[in-house]
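Novice: Numbering (the working numbering) for the first sequence: 10 to 300.
Sharing a structure below in structure tokens format, with a few things to ask.
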Amino acid sequence: MSEIPIVSLPTGGSFDLEQTLNSGQVFHWEAHRHAGTDGFAACIGDAPVSWIGQTGAEEIVTFERDKEKVLRYLGLDHDYSEIRATFPEGDEFLEKSIAYCPGIRIIRQPTWECLATFITSSLKQVAHIRAISLTIRERYGNRYELDGKSYYSYPDPSAMSVAGEEALRKCALGYRAKSLDLAANSIASGETDIEAIEQLEDPDEARELLTKLHGVGDKIANCVLLFGCGHWGTFPIDVWIERVLRTQYRKRIKGAKLQAWAVKHFGPNAGCAQQYPVSYTHLTLPTKRIV
DNA sequence: AGTCAGGCAACGC
DNA sequence: GCGTTGCCTGAC
10 MSEIPIVSLP
20 TGGSFDLEQT
30 LNSGQVFHWE
40 AHRHAGTDGF
50 AACIGDAPVS
60 WIGQTGAEEI
70 VTFERDKEKV
80 LRYLGLDHDY
90 SEIRATFPEG
100 DEFLEKSIAY
110 CPGIRIIRQP
120 TWECLATFIT
130 SSLKQVAHIR
140 AISLTIRERY
150 GNRYELDGKS
160 YYSYPDPSAM
170 SVAGEEALRK
180 CALGYRAKSL
190 DLAANSIASG
200 ETDIEAIEQL
210 EDPDEARELL
220 TKLHGVGDKI
230 ANCVLLFGCG
240 HWGTFPIDVW
250 IERVLRTQYR
260 KRIKGAKLQA
270 WAVKHFGPNA
280 GCAQQYPVSY
290 THLTLPTKRI
300 V
């Protein structure tokens, strides 16, 4: 097995690979030291295993064949200072959060993988989501190898559709198996065109289509729009950000009203903004609820 | 042993 | 519209 050449990539400023990969956007990267450098390995979509190492805030390293893909995946193909310039001024909690974890970026995931993973995330903790993702990959994905260790791509809708609901249920999915199976069938059969949805410029239109899928409500659809389709104005509300908005922003409203307030407050890149308070809360208060 | 967790759909009012 | 409930499973 010949070594794949490694190249250096600029991050364009403070960037933290580990925090970004562990910020609840993706659930399958594994720590992997390669070529004398600490980093992480996983498959991006159905491609062979990728490896990314970090040598400093300004530099990451990866396989030569992956450089464009990695930059796009990690959101490093955008000027983040422009994004942050759209954040609200005078929001002390947001500023504190950004100061605490300035190296986090919004990842641009393959849409199907993103949708499928978030369908399985319903009412689950991060460790469970990781375990489910790994099981599904091992059983239905393609195997690749790096330094003698196996990595598996996420199965495409057809492969998952062939597996069927009962087999998926055996991946410890519980009631989520039905939703995942139906989504895979719908996409594999062409009834749902996930690539067309990704191309839509209007996130509301895309959300409308995504929520037609069984088991996909506003929360999951918004995660797909933000983490998969690049709609950085989309603001997913999970229990974490809801907690933050309640305790730090004194918001007692819920659902669509809270959504509307958040988008107005955090601006055209509200989705990017919410990642900092969520990660700050995670990193500083990893345990119990804060009421 | 029970409770609860990074939701959703179905139902009741 | 708004609140309640069942749903699989594993960690605490």
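Beta carbons are placed, not taken as given, at the ideal position from N, Cα and C, and that holds for glycine.
When you compare each of G239, Y184, K221, P286 to P277 by their alpha carbons, which one comes out closest?
Specialist: If we check each option's Cα against that of P277, G239 comes out closest.
Novice: Assuming F49 is part of the beta strand (DSSP E), what are its boundary residues?
Specialist: Per DSSP, F49 belongs to the beta strand (DSSP E) from 48–52.
Novice: Would you mind working out which of D47, D75, L30 sits nearest G62, comparing C-alpha positions?
Specialist: The candidate whose alpha carbon is nearest that of G62 is D47.
Novice: Provide the residue span of the beta strand (DSSP E) that contains S90, from first to last.
Specialist: Not the beta strand (DSSP E): S90 falls in the alpha helix (DSSP H), residues 89–93.
Novice: Can you tell me which of the three DSSP states Q43 falls into?
Specialist: Looking at the sequence shown, residue 43 is not Gln but His. Three-state DSSP puts H43 in a strand.
Novice: Would F96 and V253 qualify as a contact pair, given that the criterion is a beta-carbon distance under 9 angstroms?
Specialist: No, Cβ-Cβ distance for F96 and V253 is not below 9 angstroms.
Novice: My assumption, with CB atoms under 8 angstroms, is that Y258 sits in contact with Y109. Please give the rounded CB distance.
Specialist: Contact doesn't hold; Cβ gap of about 17 angstroms is too wide.
Novice: A50: buried (16+ other C-beta within 10 angstroms of its C-beta) or exposed?
Specialist: Counting Cβ neighbours within 10 Å, A50 comes out buried, since at least 16 surround it.
Novice: Sorted by chain position, which residues of the same chain lie with C-beta nearer than 8 angstroms to K187's C-beta, five sequence neighbours on each side aside?
Specialist: Same-chain partners within the cutoff: E174, H223, G224.
Novice: Give the range of the alpha helix (DSSP H) segment to which E12 is assigned.
Specialist: Element bounds for E12: n/a, residue is neither H nor E.
Novice: When the Cα of Y82 is compared with those of S90, I53, S170, L267, which residue comes out closest?
Specialist: When each option's Cα is compared against that of Y82, the closest is I53.
Novice: Among P164, F127, Q134, which has the Cα closest to the Cα of I145?
Specialist: For the residues P164, F127, Q134, the minimum Cα distance to I145 belongs to P164.
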